[in-house]
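Student:
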Amino acid sequence: MTANPALLPEIVRDFRLEATTFQDDITIHTQPPGRRRRIEKWKRRKILGHGGYGVVWLEHKVENDDNAEVARRAVKVVRNNGHGPIHYVRELEALAKFSHDRYSECFVKFLGWYENPESDYIHIAMEYCPHGDLKKFLARNGGRLPEIEVRDIASQVLGGVVMMHRAGFANRDIKPAVRKSTPYLGDRARSNIRHIYRTS
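For any residue, its number in the numbering used here is found by taking its place in the sequence shown, counting from 1, and adding 10.
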């Protein structure tokens, strides 16, 4: 289901990516519309995680026919259930809002979203964080961290929560499995930002 752009907030429309081809685990984006044409080719590599709302894939941006990797991103794929992006508008709005440079210390960067016209899925592209979430980081370190690291993580998480509340958003799902080793409050290869909602 393709969204009626008039029903989406401007900030969500601004992050929409033009996806033209879906084949052999490859997505091709033409960017930006109306300017000098630039084509990006992204190849799906592996599953990073599963959540209650979808699957997150690692994708590599490739150039030419040799498939040389030049960038990586995490892409959450969620079923539309016939609603299109309207159903996910609050999530997309929050991701767009907190991708502004002033929030970069605490939140993952949102790269955009797109629909596959041949299926009932929305794709949400985000910055890839190779170190995974805080839960995995703790497991690799025997479940313990030095006090100075705990303070730094707590400070960053609380700072992010304050920023969200000041902007009229709340997160109902803060836990180590969705926090990253640099504990962004965004959706770094997991699918829990779905719980962000407007408080006003």
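Glycine included, every Cβ here is placed at the ideal spot set by N, Cα and C.
1) Anyone know if the C-beta pair for W123 and H133 falls short of 8 Å?
2) Taking only the alpha-carbon atoms, compute the straight-line gap between N181 and E73 and give it to the nearest angstrom.
3) With DSSP as the reference, please indicate the residues paired to G153 in a beta bridge.
4) Cutting at 6 Å between CB atoms, please list the residues of its own chain near V87, excluding the five before and the five after it.
5) Pick out whichever of R26, A104 and L144 has its Cα sitting closest to the Cα of E159.
6) Restricting to Cα atoms, I'd like to know which of L102, H70, S165 and K146 is closest to T37.
7) So for R23, helix, strand or coil by DSSP?
8) Looking only at DSSP bridge pairs, what is Y131 linked to?
9) Bridge partners for R100 per DSSP, in chain order?
10) Reducing DSSP to helix, strand and coil, say where D111 ends up.
11) Quick one: is N90 buried, meaning 16 or more other Cβ sit within 10 Å of its Cβ, or exposed?
12) Once you ignore the five residues that flank E137 on each side, which residues in its own chain have a CB closer than 6 Å to its CB?
13) Where does D162 fall in DSSP's three states?
Tutor: A quick look at the data gives this:
1) Here residue 123 is taken as the residue at index 113 of the sequence shown, counted from 1. Here residue 133 is taken as the residue at index 123 of the sequence shown, counted from 1. In contact: W123 and H133 (Cβ atoms closer than 8 Å).
2) Taking the first residue of the sequence shown as position 1, residue 181 is located at position 171. Taking the first residue of the sequence shown as position 1, residue 73 is located at position 63. Rounded to whole angstroms, N181 to E73 spans 37 Å at the Cα level.
3) Here residue 153 corresponds to residue number 143 of the sequence shown, with the count starting at 1. Paired residue(s): none; G153 is not in a bridge.
4) In the sequence shown, residue 87 corresponds to position 77, counting from 1. Closer than 6 Å at the Cβ level, and outside the excluded window around V87, lie G64, V65, Y131 and H133.
5) Within the sequence shown, the letter at position 149 stands for residue 159. Ranking the options by Cα distance to E159, first place goes to L144.
6) As a first step, residue 37 must be located in the sequence shown, where it is residue number 27. Closest by alpha carbon: H70.
7) By 1-based counting over the sequence shown, the position of residue 23 is 13. Residue state, collapsed to three classes: helix.
8) Working through the sequence shown from its first residue, we reach residue 131 at position 121. According to DSSP, which records beta bridges pairwise, Y131 is partnered with R89.
9) Residue mapping note: residue 100 aligns to position 90 of the sequence shown, counting from 1. R100 is not bridged to any residue.
10) In the sequence shown, residue 111 corresponds to position 101, counting from 1. It is helical.
11) On the sequence shown, position 80 is the one that residue 90 refers to. Buried: at least 16 other Cβ atoms inside 10 Å.
12) Here residue 137 is taken as the residue at index 127 of the sequence shown, counted from 1. Here the set comprises V118 and K119.
13) The residue given as residue 162 occupies position 152 in the sequence shown. Here D162 sits in helix by DSSP.
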